[in-house]
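**Q** Mind looking over this structure? Questions follow.
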Amino acid sequence: MAHESSFTLDDSGNVSSWRDPTGRYFALSADPVGQPAGRLLSDLLDHLAAQGDAPAPAALLLSVGRHGTETVVDIRGTAPSLRAAHVEAAFEYSAFEQSSAGLEVYDTELRVLRSNSAALAMRGRPAGDVLEHRVADLGSRLPLAAVLEQVLDGSEPAVQGRVGGHDGHDHPRVFAVTAFQLLDEQQTIGVGAVIHDVTEQDRDRTAAHLLAQAHAEIGTTLDAMRTAQELAGVATRDFAGAVSVDLIDAVLQGGEAPAPPVGTDVPVRRAAFESRGELQPVYAVGEMSYFVSPTPYTQVMADLTPRLLDPHTSPSDWLTHDAARAGALRDAGVHSMIVLPLSSRGRLLGLASFYRGPRHPVPFDTLDVGLAEQVSAKACVHIENARCYTREHTTAVALQRSLLPRTFPELSGVTTAHFYTPGSRQTVWFDVIALSGARVGLAIGQVPQQGVDASVTMGRFRTALDTLAGLDLPPNELLAHLDDATGHILPAGARPQPGASPATADSPRCLYAVYDPVTGELAAASAGWPAPLVASADGDVTIVDVPVGPPLGQGASYDVSRTSLAPESMLTLYSQSLLEPSARAEERMAQLRQAAHHAAHDPRATCDSIVHSLLGQDPGDGAAVLAVLTHRLPAESVATWTGSREPAAVAESREKAGHQLEDWGLEAHTFTTEMIVSELVTNVIRHASGNPTVRLIRDRSLTIEVSDEAATSPHLRHARAQDENGRGLLIIAALARRWGTRYTPNGKIIWVEEALGDDDA
Numbered sequence: 005m006a007h008e009s010s011f012t013l014d015d016s017g018n019v020s021s022w023r024d025p026t027g028r029y030f031a032l033s034a035d036p037v038g039q040p041a042g043r044l045l046s047d048l049l050d051h052l053a054a055q056g057d058a059p060a061p062a063a064l065l066l067s068v069g070r071h072g073t074e075t076v077v078d079i080r081g082t083a084p085s086l087r088a089a090h091v092e093a094a095f096e097y098s099a100f101e102q103s104s105a106g107l108e109v110y111d112t113e114l115r116v117l118r119s120n121s122a123a124l125a126m127r128g129r130p131a132g133d134v135l136e137h138r139v140a141d142l143g144s145r146l147p148l149a150a151v152l153e154q155v156l157d158g159s160e161p162a163v164q165g166r167v168g169g170h171d172g173h174d175h176p177r178v179f180a181v182t183a184f185q186l187l188d189e190q191q192t193i194g195v196g197a198v199i200h201d202v203t204e205q206d207r208d209r210t211a212a213h214l215l216a217q218a219h220a221e222i223g224t225t226l227d228a229m230r231t232a233q234e235l236a237g238v239a240t241r242d243f244a245g246a247v248s249v250d251l252i253d254a255v256l257q258g259g260e261a262p263a264p265p266v267g268t269d270v271p272v273r274r275a276a277f278e279s280r281g282e283l284q285p286v287y288a289v290g291e292m293s294y295f296v297s298p299t300p301y302t303q304v305m306a307d308l309t310p311r312l313l314d315p316h317t318s319p320s321d322w323l324t325h326d327a328a329r330a331g332a333l334r335d336a337g338v339h340s341m342i343v344l345p346l347s348s349r350g351r352l353l354g355l356a357s358f359y360r361g362p363r364h365p366v367p368f369d370t371l372d373v374g375l376a377e378q379v380s381a382k383a384c385v386h387i388e389n390a391r392c393y394t395r396e397h398t399t400a401v402a403l404q405r406s407l408l409p410r411t412f413p414e415l416s417g418v419t420t421a422h423f424y425t426p427g428s429r430q431t432v433w434f435d436v437i438a439l440s441g442a443r444v445g446l447a448i449g450q451v452p453q454q455g456v457d458a459s460v461t462m463g464r465f466r467t468a469l470d471t472l473a474g475l476d477l478p479p480n481e482l483l484a485h486l487d488d489a490t491g492h493i494l495p496a497g498a499r500p501q502p503g504a505s506p507a508t509a510d511s512p513r514c515l516y517a518v519y520d521p522v523t524g525e526l527a528a529a530s531a532g533w534p535a536p537l538v539a540s541a542d543g544d545v546t547i548v549d550v551p552v553g554p555p556l557g558q559g560a561s562y563d564v565s566r567t568s569l570a571p572e573s574m575l576t577l578y579s580q581s582l583l584e585p586s587a588r589a590e591e592r593m594a595q596l597r598q599a600a601h602h603a604a605h606d607p608r609a610t611c612d613s614i615v616h617s618l619l620g621q622d623p624g625d626g627a628a629v630l631a632v633l634t635h636r637l638p639a640e641s642v643a644t645w646t647g648s649r650e651p652a653a654v655a656e657s658r659e660k661a662g663h664q665l666e667d668w669g670l671e672a673h674t675f676t677t678e679m680i681v682s683e684l685v686t687n688v689i690r691h692a693s694g695n696p697t698v699r700l701i702r703d704r705s706l707t708i709e710v711s712d713e714a715a716t717s718p719h720l721r722h723a724r725a726q727d728e729n730g731r732g733l734l735i736i737a738a739l740a741r742r743w744g745t746r747y748t749p750n751g752k753i754i755w756v757e758e759a760l761g762d763d764d765a
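Here the sequence shown stands for residues 5 to 765, numbered as in our numbering.
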């Protein structure tokens, strides 16, 4: 604590005057003027001791001088003790000379008055080249002038900031500076500065930030190309001027990554390239190439060891072997590069190359290699995951495509076209099935999830539906049977849980419809599948009125709708994904109807129109479209009559069948057809109820249908030699290509198909 007081002495040593501006610290009981100086000093010390101003014996710091004929004694202040004063002086010296921080003192002209060894080292100059020189004249290694002037102008008594300098090799350095005013009686007499070299701390902070960015931004998808681009994007922010990532082409296809040494005959594909204007790519993203040997790239491929080098001063002039890259590196002024293997389980996935040019004057070092390895390790994990996913997805899609129909049967009742692309969340399937009586079964559905297991499950559902369709079940009954079988078809972990909400359950879905080209009737039922569209010949598009029931596996029952279609109607079955997202379902449905309207007479054009209108570049959940142009069979291709229950009706039906085949030019089939008609009509008269109705349909095959009003179905029996009946169906089975029974609301129909030759059909 400083106390500014003074007194003067006359020639006899007595106090001639006393000055105590505040009167606070040396408040004396009597005026000291006229007293001996020694007595005054004794009183002052006693006063200080009584005030308890210091824990140790008090001391006065005096300054003695002459002013004219008088001796002037200034009391400059007090200190706890003389020993404490020495300690303070020692502390000041040690702190200044031994501190690892740079310390400097400047006058009001910003000339350096004092600079410790740490500050001189930062400047790279001896004391003689620094002291008494203006800061602005000392070069750019430690540029403090702007910070010091900010303090000196009085706007801020103290300023903290960072300045960028460089070292003796022109490598950038970062300094944290605290500058403050030096005051004497509230007057600024200079500036002091404390300087810390924080380059390494900044580097550590940058490295930590880079790793945090890598953790957050690399590997957001199961796409190896996207992961490579994320790696390049992160690394070019604060670490490298340019980054290229080349992946083994087989890895991108889901193939096994090769084990080292990897030869130069292995193709790589440019997966990513990012540059801050320091380098132009030799190969475009997506382009395939080969690395030239010997170069650092091929050396890394051989031993999976990173390479750190200056491309222009490396021991062997490898650039002569790779003229394309040599020109790009030379033109960009690249002075430092890291070539890093991207590997997993000891196998090479690809290479990541990091480059620095003029905008990054500091070359890479071994610490940077380690940092690049840490950042790239995150990418390696996700590239390997993407490779495994691609392999499984490719296998699943191949299996799925093999389980889907490659071609549909040629049918007189319909002309079809389809579009299908696999999705990432659902596996869609569809089918066109030839049924008895020239009818056509149309199916479309999906199973949850993707992958090999989902493809197998899809195959099971398609097989089950084909089998049930072969039983000639109506659509609602077929879906009910398929619903019962769902628990057995799905894997154990994918089966719907009891009580699951039908609206949210991740269950299989399906729509099944049967089109009859003789009557033009469409019967359809839905298990959680959107109703199809139908476009008339004049282009008017409507939604078929199909009651949409719960998804399969819920134990539900289903309703069937029956709609009469005009000749040459276009029926469109489509996947739910075309209406997603759900928030835009109405808008997407309008687009779907418009697309169907534009191509109402051509199934292939209908598929293309829908795909172009609703399917973007990334189909996401996949899509399927089945376009069906319906036809009617000509009236002359169908013959129908109803007989009586009299035995004579058998002969009458046989005769009518013979005449009809003669009219169709199918005389070669007269004998077998008459025999089949005779057996079926006889069965109705003997074993069923109602009058027998016979219908002959000439299509690609000849179909004989006999209907009655009974609900019982005949079955094959192996008659013994002495039996007089029971051989009718055996004879029919031997003569026909196939036969069966289908039930109607009023009874049943026994149908038999005879194969026709190419000339007959």
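Cβ coordinates follow ideal geometry from the N, Cα and C atoms, glycine included.
Any idea what DSSP makes of residue 11, helix, strand or coil?
**A** The sequence position of residue 11 within the sequence shown is 7, counting from 1. Looking at residue 11 - three-state DSSP - the assignment turns out to be strand.
**Q** Taking 7 angstroms as the cut-off, decide whether the C-beta atoms of residue 678 and residue 658 are in contact.
**A** The sequence position of residue 678 within the sequence shown is 674, counting from 1. The sequence position of residue 658 within the sequence shown is 654, counting from 1. Against a cut-off of 7 angstroms, the Cβ pair of residue 658 and residue 678 comes out as a contact.
**Q** Which class does residue 449 belong to by DSSP, given the choice of helix, strand or coil?
**A** Here residue 449 is taken as the residue at index 445 of the sequence shown, counted from 1. Strand.
**Q** How long is the line joining the alpha carbons of residue 124 and residue 160, rounded to whole angstroms?
**A** Within the sequence shown, residue 124 is the residue found at index 120, counting from 1. Within the sequence shown, residue 160 is the residue found at index 156, counting from 1. If I take the Cα positions, the gap works out to 26 angstroms.
**Q** Take every Cβ of the region 327-341, pair it with every Cβ of the region 302-318, and state whether three or more of those distances are shorter than 8 angstroms.
**A** Segments in contact, yes.
**Q** Helix, strand or coil, according to DSSP, for residue 329 in the structure here?
**A** In the sequence shown, the residue the question calls residue 329 occupies position 325. The answer is helix: DSSP assigns residue 329 an H, G or I state.
**Q** Taking only three categories from DSSP, how would you classify residue 540?
**A** As a position in the sequence shown, residue 540 is number 536, starting the count at 1. Coil at residue 540, not helix or strand.
**Q** What are the uninterrupted segments assigned as beta strand (DSSP E) that are 3 or more residues long and contained completely in the region 354-438, given in chain order?
**A** The qualifying runs are 418-425 and 430-438.
**Q** So residue 301 is in the alpha helix (DSSP H); what residue range does that whole segment cover?
**A** For the purposes of this step, residue 301 is taken as the residue at position 297 of the sequence shown. Element bounds for residue 301: 300-307.
**Q** Taking the beta carbon of residue 480 as the centre, do at least 16 other beta carbons fall within 10 Å, making it buried, or is it exposed?
**A** For the purposes of this step, residue 480 is identified with residue 476 of the sequence shown, where counting begins at 1. Answer is buried; the Cβ neighbour count reaches 16.
**Q** Just checking my contact of residue 280 with residue 246 at CB under 8 angstroms: how many whole Å lie between their CB atoms?
**A** Taking the first residue of the sequence shown as 1, we reach residue 280 at position 276. Taking the first residue of the sequence shown as 1, we reach residue 246 at position 242. Right, the Cβ-Cβ distance comes to about 7 angstroms (below 8 angstroms), so this counts as a contact.
**Q** Quick one, are the C-beta atoms of residue 372 and residue 409 less than 7 angstroms apart?
**A** To locate residue 372, count along the sequence shown from 1; it is residue 368. To locate residue 409, count along the sequence shown from 1; it is residue 405. In this structure, residue 409 does not lie closer than 7 angstroms to residue 372 by Cβ.
**Q** Can you tell which of 669, 570 and 451 has its C-alpha closest to the C-alpha of residue 532?
**A** Counting from 1 along the sequence shown, the entry for residue 532 is found at position 528. Out of 669, 570 and 451, 451 has the C-alpha closest to the C-alpha of residue 532.
**Q** Alpha carbon to alpha carbon, how far is residue 219 from residue 617?
**A** In the sequence shown, counting from the first residue as 1, residue 219 sits at position 215. In the sequence shown, counting from the first residue as 1, residue 617 sits at position 613. Cα to Cα, residue 219 sits roughly 38 angstroms from residue 617.
**Q** Do residue 631 and residue 646 count as a contact pair if the criterion is CB distance below 7 angstroms?
**A** By 1-based counting over the sequence shown, the position of residue 646 is 642. By 1-based counting over the sequence shown, the position of residue 631 is 627. Result no, Cβ atoms of residue 646 and residue 631 do not sit closer than 7 angstroms.
**Q** Would you mind stating whether residue 151 and residue 195 have Cβ atoms separated by less than 7 angstroms?
**A** Against the sequence shown, residue 151 aligns to sequence position 147. Against the sequence shown, residue 195 aligns to sequence position 191. No, they are not a contact pair.
**Q** Since residue 222 and residue 126 are thought to touch, with beta carbons under 8 angstroms apart, how far apart are those beta carbons, to the nearest angstrom?
**A** Working through the sequence shown from its first residue, we reach residue 222 at position 218. Working through the sequence shown from its first residue, we reach residue 126 at position 122. The pair is not a contact, with the Cβ atoms about 38 angstroms apart (cut-off 8 angstroms).
**Q** With distances taken between CB atoms, is the gap from residue 10 to residue 78 smaller than 7 angstroms?
**A** Locating residue 10 in the sequence shown gives position 6, where the first residue counts as 1. Locating residue 78 in the sequence shown gives position 74, where the first residue counts as 1. Result yes, Cβ atoms of residue 10 and residue 78 sit closer than 7 angstroms.
**Q** Give the secondary structure of residue 687 by DSSP, where H, G and I count as helix, E and B as strand, and everything else as coil.
**A** Within the sequence shown, numbered from 1, the residue matching residue 687 stands at position 683. Helix, per DSSP.
**Q** Would residue 364 be called buried (16 or more neighbouring beta carbons within 10 Å of its own) or exposed?
**A** On the sequence shown, position 360 is the one that residue 364 refers to. Buried is the call here.
**Q** Quick check on residue 675: does DSSP put it in helix, strand or coil?
**A** On the sequence shown, residue 675 is found 671 positions in, with the first residue counted as 1. Residue 675: helix per DSSP, three-state reduction.
**Q** Whether or not the region 43-50 and the region 102-110 are in contact is what I'm after, with contact meaning three or more pairs of Cβ atoms, one per stretch, closer than 8 angstroms; do they touch?
**A** no
**Q** What's the gap between the Cα of residue 574 and the Cα of residue 606?
**A** Residue numbering aside, residue 574 sits at position 570 when the sequence shown is read from its first letter. Residue numbering aside, residue 606 sits at position 602 when the sequence shown is read from its first letter. Approximately 8 angstroms between the Cα atoms of the pair.
**Q** What do you reckon, is the C-beta of residue 403 under 6 angstroms from a heavy atom of the ligand NAD?
**A** In the structure on display, the ligand NAD does not appear, and there are no ligands present to speak of.
**Q** Out of 179, 664, 322 and 118, state which residue places its alpha-carbon closest to the alpha-carbon of residue 144.
**A** Within the sequence shown, numbered from 1, the residue matching residue 144 stands at position 140. Of 179, 664, 322 and 118, the residue nearest in Cα terms is 179.
**Q** Which term fits residue 727, buried or exposed, when burial requires 16 or more other beta carbons within 10 angstroms of its beta carbon?
**A** Here residue 727 corresponds to residue number 723 of the sequence shown, with the count starting at 1. Only weak support is given to the placement of residue 727: the predicted model assigns it a pLDDT of 44, under 50, and the question is left unresolved by the model.
**Q** Using the C-alpha atoms, what's the distance from residue 717 back to residue 419?
**A** On the sequence shown, position 415 is the one that residue 419 refers to. On the sequence shown, position 713 is the one that residue 717 refers to. Cα to Cα, residue 419 sits roughly 33 angstroms from residue 717.
**Q** When the Cα atoms are used, what is the spatial distance from residue 266 to residue 387?
**A** Position 262 of the sequence shown holds residue 266. Position 383 of the sequence shown holds residue 387. Roughly 18 angstroms separates the two Cα atoms.
**Q** Output the distance between the C-alpha atoms of residue 252 and residue 352, rounded to the nearest integer angstrom.
**A** Residue mapping note: residue 252 aligns to position 248 of the sequence shown, counting from 1. Residue mapping note: residue 352 aligns to position 348 of the sequence shown, counting from 1. When rounded, the separation of the alpha-carbon atoms in residue 252 and residue 352 is 8 angstroms.
**Q** Tell me which same chain residues have a C-beta within less than 7 angstroms of the C-beta of residue 484, skipping the five on either side of it?
**A** In the sequence shown, the residue the question calls residue 484 occupies position 480. So the qualifying residues of the chain are 561 and 562.
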